[in-house]
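Q:
Protein chains: 2
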Amino acid sequence: MVTGMDNKWTQLWLKYEAKKANGNDKYFKSISCQGFDYNNKILKNAVDELIKGAKGMLGVTAECGFTGCQTAEESGSTVKDSLLKATLILEKDETVAAEGYRLLEKDGCLYIKASDEKGLLYGAFALLRAVACEKTVRGMDKTVIPDNPLRMYNHWDNMDNSIERGYSGDSFFFENNEVVVNERTRDYARFVASIGINGVVINNVNVKNCATWLITDRYFEKVAEMAEIFAEYGIKFFLSLNYAATIELGGIDSADPLDERVIGWWKQKMAEVFDRIPNLGGFLVKADSEGRPGPFTYGRTQADGANMLADIVKPYGGIIIWRCFVYNCTQDWRDYKTDRARAGYDNFIKMDGDYHDNVILQIKNGPMDFQIREPISPLLGGLKKTNQMLEVQIAQEYTGHQIDVCYLIPMFKEILDFKTYCKEGADTVADVISGRTLGNKNTGIAAVCNTGNDNNWTGNDLAAANFYGFGRLAFTTALSAEEILDEWIRMTLSTDEDVVGTVKEIMLPSREVYENYTSPLGIGWMVTPHTHYGCSVDGYEYSRWGTYHRADHLGIGVDRSDKGTGYAQQYFEPNASIYNNIESCPENLLLFFHHVPYTYMLKTGKTLIQHIYDSHFEGVMQVEEMIAKWKSLKGKIADEVYELVEKRFDLQLYNAKEWRDQVNSYFWRKSGIADEKKRAIY
Amino acid sequence: MVTGMDNKWTQLWLKYEAKKANGNDKYFKSISCQGFDYNNKILKNAVDELIKGAKGMLGVTAECGFTGCQTAEESGSTVKDSLLKATLILEKDETVAAEGYRLLEKDGCLYIKASDEKGLLYGAFALLRAVACEKTVRGMDKTVIPDNPLRMYNHWDNMDNSIERGYSGDSFFFENNEVVVNERTRDYARFVASIGINGVVINNVNVKNCATWLITDRYFEKVAEMAEIFAEYGIKFFLSLNYAATIELGGIDSADPLDERVIGWWKQKMAEVFDRIPNLGGFLVKADSEGRPGPFTYGRTQADGANMLADIVKPYGGIIIWRCFVYNCTQDWRDYKTDRARAGYDNFIKMDGDYHDNVILQIKNGPMDFQIREPISPLLGGLKKTNQMLEVQIAQEYTGHQIDVCYLIPMFKEILDFKTYCKEGADTVADVISGRTLGNKNTGIAAVCNTGNDNNWTGNDLAAANFYGFGRLAFTTALSAEEILDEWIRMTLSTDEDVVGTVKEIMLPSREVYENYTSPLGIGWMVTPHTHYGCSVDGYEYSRWGTYHRADHLGIGVDRSDKGTGYAQQYFEPNASIYNNIESCPENLLLFFHHVPYTYMLKTGKTLIQHIYDSHFEGVMQVEEMIAKWKSLKGKIADEVYELVEKRFDLQLYNAKEWRDQVNSYFWRKSGIADEKKRAIY
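Chains A and B, in that order, give the protein sequences. The numbering of the first sequence is my numbering, which starts it at 1 and goes up by one. The numbering of the second sequence is my numbering, which starts it at 683 and goes up by one.
#1: Could you check how far apart the C-beta atoms of Leu694 of chain B and Ala1233 of chain B are, in whole angstroms? I think they sit under 8 Å.
#2: Who are the near neighbours of Arg820 of chain B in its chain, counting only those whose CB is closer than 7 Å to its CB and skipping five residues on each side?
#3: Since Asn1138 of chain B and Thr692 of chain B should fall inside the 8 Å C-beta cutoff, what is the C-beta to C-beta distance between them, to a whole number of angstroms?
#4: Taking CB distances under 8 Å as the criterion, tell me whether Arg334 of chain A reaches chain B.
#5: Can you list, in chain order, the residues of its chain whose CB lies under 7 Å from that of Gly758 of chain B, leaving out five sequence neighbours each side?
#6: Where does Trp156 of chain A sit, in a helix, a strand or coil, going by DSSP?
#7: How should Gly196 of chain A be labelled, buried or exposed, when 16 other C-beta atoms within 10 angstroms of its C-beta is the threshold for buried?
#8: If we count the other Cβ atoms within 10 Å of its Cβ and call it buried at 16 or more, is His549 of chain A buried or exposed?
#9: So, does the CB of Leu1236 of chain B fall closer than 8 Å to a CB anywhere in chain A?
#10: Going along the region 1225-1257 of chain B in order, which residues come within less than 8 Å of chain A, judged by CB to CB distance?
#11: Strictly under 8 Å for the Cβ-Cβ distance: is Gly672 of chain A near chain B by that measure?
#12: In chain order, what are the residue ranges of uninterrupted alpha helix (DSSP H) at least 4 long that sit wholly in the region 232-265 of chain A?
#13: Go ahead and pull the three-state DSSP assignment for Cys892 of chain B.
#14: I'd like to know if Tyr1324 of chain B contacts chain A, where contact means its C-beta is closer than 8 Å to some C-beta of that chain.
#15: So if I threshold CB-CB distances at 7 Å, which residues from the region 652-673 of chain A count as touching chain B?
#16: Using a cut-off of 7 Å between C-beta atoms, extract the partners of Val623 of chain A located in chain B.
#17: Starting from Thr620 of chain A, find everything on chain B with Cβ-Cβ shorter than 8 Å and list it in chain order.
#18: For a test of the three-state rule: what should DSSP assign to Met526 of chain A, helix, strand or coil?
#19: Inspect the CB distances between the region 174-181 of chain A and the region 484-500 of chain A and report whether three or more fall short of 8 Å.
#20: Does the beta carbon of Val527 of chain A sit closer than 8 Å to a beta carbon anywhere in chain B?
#21: Nearest chain A C-beta to Val1219 of chain B closer than 8 Å, yes or no?
#22: If you reduce the DSSP assignment to three classes, tell me which class Phe370 of chain A lands in.
#23: Pull the bridge partners of Cys64 of chain A from the DSSP assignment, please.
#24: Are any of the Cβ atoms in chain A nearer than 8 Å to that of Tyr1222 of chain B?
#25: Taking the DSSP output, what are the residues bridged to Tyr793 of chain B?
#26: Output, in chain order, the set of chain B residues within a Cβ distance shorter than 7 Å of Tyr682 of chain A.
#27: Within its chain, find whatever has a CB closer than 6 Å to the CB of Met159 of chain A; leave out the 5 residues flanking it on each side and keep chain order.
#28: CA-CA distance, Thr528 of chain A and Gly539 of chain A?
#29: Between the Cα of Phe172 of chain A and the Cα atoms of A:Thr136, A:Met226, A:Ala124 and A:Cys133, which residue gives the shortest distance?
#30: Under 8 Å: do the region 123-143 of chain A and the region 19-39 of chain A share three or more Cβ pairs, one atom per stretch?
#31: Where does the unbroken beta strand (DSSP E) through Leu280 of chain A begin, and where does it stop?
#32: DSSP three-state call for Arg872 of chain B: helix, strand or coil?
#33: Closest Cβ-Cβ distance between Asn1142 of chain B and chain C: below 8 Å?
#34: Look up Trp545 of chain A in the DSSP assignment and give the residues it is bridged to.
#35: CB Asn442 of chain A to CB Ile360 of chain A, shorter than 8 Å?
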């Protein structure tokens, strides 16, 4: 099946529109290559991209003097000849670490050096990025090695074309229970390769219905075709696995990981799967979570389940990425002792060291579920002998559905910079997931992706900054949120300094703005059940999901100190003490860790209740300012982008006002304490 | 299409199982008929039913000595002969009012007298009811004339087989966008005819998609086939109409009721429709309501819309039933002035007298939407020159989804008995809708029905008491809720006095029990949005639906007095003053009419908050008692009924506890006032 062949989708940050050359054009006249296999597909794609970019951005038609290149004049030219006149040289250099690249300008020539084709591809995209940002390459000598071994996108796409928590249209991977491979597949691969992504899971972690059959002959051909396109851009292909496939596909009445029949079935199945999908990197598994089957059903541990699969895929170089999102999702709201926040740590810490080397535990950034503000999961770094991967979410499930603007890279920076105190000198989350802490290689970072088949890929054009930024940050953790945003704006919207500056003013604080008008001080939730968009203060308060704010007429918050659920004690010191004590607890997480009276005085000199009122009024005003700033850009950016975003801003303002008024009215009605400034509360 | 032909459905109260004869058997030996057309289908069905009932309940094989009767031995017998030996005589008697019947036992013969075949059919079912209830017919002389001209069931069935607010499986009228006619259609007609229903609307008032096409050639044949079956049981067939059909079917860009093109299209369409569906009684219309199109769109009145259609269907004897459920469903919750309760009256009272004679306004019993306790709509009786029909709902949308037991006939009795003070001596709702108040004929009562294709028709077997009871009450308003329930139990479950007594104890108070554990004192709502099952105290509090409780830390309720929204002033005196004054307002409606402090002392000597706590604890205890009573019936009623109901009781208890704990916790947290009895609140 081929769909979307009308190419009605944008090119995001790879538009290759005309740019100021700043002397860059002369380097793109002639491209040559040294030391690489000219027929390598990744190399070919890198060269194609360079040619396309030079043509589009600089108006230069690059000559390419070697076999395997589309524009090579194969007759009459030799590699030697071409090398002599080349201005841009792709050079194999074993001193550059794997997947890394060196961009070097020397004597009027520009070199992209790498020890492998993937590094070369990343170098090519880095070079094009510099050109797109109108930076001169003269005098450049820059070596970049990716910080994280695995840099992945997880898609929650279903085979019926829907996307779980998708806000950008439907799936471009699946339609009518078939796998879709077309030009959009290739564009997707180009985009994510250009930002350094090297692994993609195409199907929803909740594997149901037809998706269970992706590892069967029904789909092998198309899946392999898609995986091959990914391979040509250096991207390993992954699938989410149905842990109960032995039952649903195998006809065995068990999924017990120690049952020989189960093991035997998987052995045969994996031999078949890796044979039929050559570029397969392994599997992502959500087990024993939110109704998904898993080893707990059979009295086995998570390690039993993960290791069983890992041992079987090991001969094929496969890995098993095992999600740690295991908690009791049928909790009784009357139960104040059970704490969902504790669950990830409690369920996985005991088996630290039991997981085999090709198992990676994928850990959500916070202990709850992608709220606008959560503490960092204590499992990260808490596990001392286990491969760990950080999971964040750029699909804006709880952060505005790509209607509301919410630039998430600052949040991800906070997460990566968080000091876990797991090991002196190498204790940030960034250290842990890069392998620096433990010296391991099967580590990295994954994001639940925010794309769909909307023309602009991400629903709101501005949400593409997260799609772009996650990859950049995963590759180079030291980049600042502002640097990444700067690049994205220049590549996507405009290099006009006024546009760059204004869009930064809008987007850099947008996460705090969203936080201001939604749930306060780390308590989270308060969202409309099921959809997770819009305010419902009590929406999850009397539910089974373990997500409570416990507000009464005197105060709000969950006591997770040692006098409460003890969650704070899951951290290493001094974090445990800092969180445990209401005075030292960071105030933006105050209600996550403590039940606090409305009259409690914050360090700002405001009471808690006044803070709630003020921040909600402020949040709406900030949205109004964002909108005014956006309106100042009319005519300076593409009309279709301007207008689409403008419409979403209308919705965001409506949403922000609803949140403001509902939250304020809720707490005013409950506390009876009036706003000091006497603003409208209902 | 034919489905469900395996007859996997129950016979409800027409089971005709063996009964104690109490001397009744002798009357059923021979049936004859005098004065009626022997070939009339209704007559034939009445006779069939008598034969079937006599055989089943009394073991008597009735001889039927006249043409048209299935068991007649046509050869060798004459009508005269048969009449001589007949023990049961169906006799035309012009002194009995239309649709009424007289049952008379005289000189060892039993007579069913009526002036028309419908009356005869009702008489036959009445006789069978007496037999089923094991009452002797000896000495009987009873004349029953229906109180309400129109006695209707409204089905909200969609053509895709779903039922809006259906809790008993899917539709048995539609499947795969086709009309389904089979033996179940006939059984449905038998059931509703047996309780006196004389009009049925088969499709959802929200007419969309294929249902718009029911008035076209695509469906005429099947629709007419179904309508014909209904005709054979004296039931007029009605359809819900898409007011915008001129646009959707007619290709006219308007539905303006004064537009000649619109009028012209409808004239042609109605000529066609009444020609193709001979038994068509007219149409039910939901216009300008909850997103449905209507005359307001064109700046016309509801009367303009209704009259236009009514004038066109008049030559065919058709009527237009126009729903009054018109209100602003995109209200701002911050707006304390707009009051949804006022909307029906405000939208319709001004045009009183403008509606043509074959228009009936169908008015929901309360001003909101079928809550467990509401005041009576002030439109009922408020309209002094307009045909009115009462609409109630036996589909348990807000009253427990046919999971929770809620016998609704006591509520309907309250509604019918309500004194509107519209006219001295004839001012109850029953007077108004029967035509006694205004001397009009196009009046009556309709219920949104609770059936579906579940084997037992109503999901919960006990919910069939509402399906049965509504018809009985519509026919004879003076029947008590207990009499009706008594009949239903004896006909359906058992005539064992222990069963009869116990089931009455369970069901008679069940409406108050449901009220106890759900929303208190007339405030309504507090339900899970969309589904309307289960508790969510704030679920509709910050929404667009106009359904607010306005609870704060001091009190709860909506001020609808003359100091508030003024809704109370829509009633005639003394009702207006009674409701207006917090001291005279009936306490079970207190929060509907007043915003009341939690510390307000009720006439019971309890504070409002203590009443909330007590009633919710009591409600759960009552459910536990109901369950204990039910368990005592094990072995005394059919196992499949016992077990199905037992399972639903488990769910009801869970639901009741959730309501109790959520409501109590909500108000404890909000008020800070503890339960005097120190019971568990969270």
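We put the CB at the ideal spot given by N, CA and C, even for glycine. Treat the numbers as computed from the prediction; the structure is a model and nothing was measured.
A: Here's the rundown:
#1: In fact, because the Cβ distance is near 42 Å, the residues do not count as touching under 8 Å.
#2: Gly705 and Glu787
#3: 5 Å
#4: yes
#5: Because Gly758 of chain B carries a pLDDT of 45, less than 50, the predicted location of this residue cannot be relied on, and the following value inherits that uncertainty. None.
#6: strand
#7: buried
#8: buried
#9: yes
#10: Ala1233, Asp1234, His1235 and Leu1236
#11: yes
#12: 245-248
#13: helix
#14: no
#15: Asp661, Gln662, Arg669, Lys670, Ser671 and Gly672
#16: What Val623 of chain A touches in chain B: nothing, since even the nearest Cβ is about 18 Å away.
#17: Note that residue 620 of chain A corresponds to Val in the displayed sequence, not to Thr. By Cβ distance, chain B contributes nothing, its closest Cβ being about 14 Å from Val620 of chain A, past 8 Å.
#18: coil
#19: no
#20: no
#21: yes
#22: coil
#23: A:Ile31
#24: no
#25: B:Ile771 and B:Leu786
#26: Arg1016
#27: Phe174, Asn177, Cys210 and Ala211
#28: 6 Å
#29: A:Met226
#30: yes
#31: Leu280 to Val285
#32: helix
#33: Here chain C cannot be found, since the structure's protein chains are A and B.
#34: None, per the DSSP bridge assignment.
#35: yes
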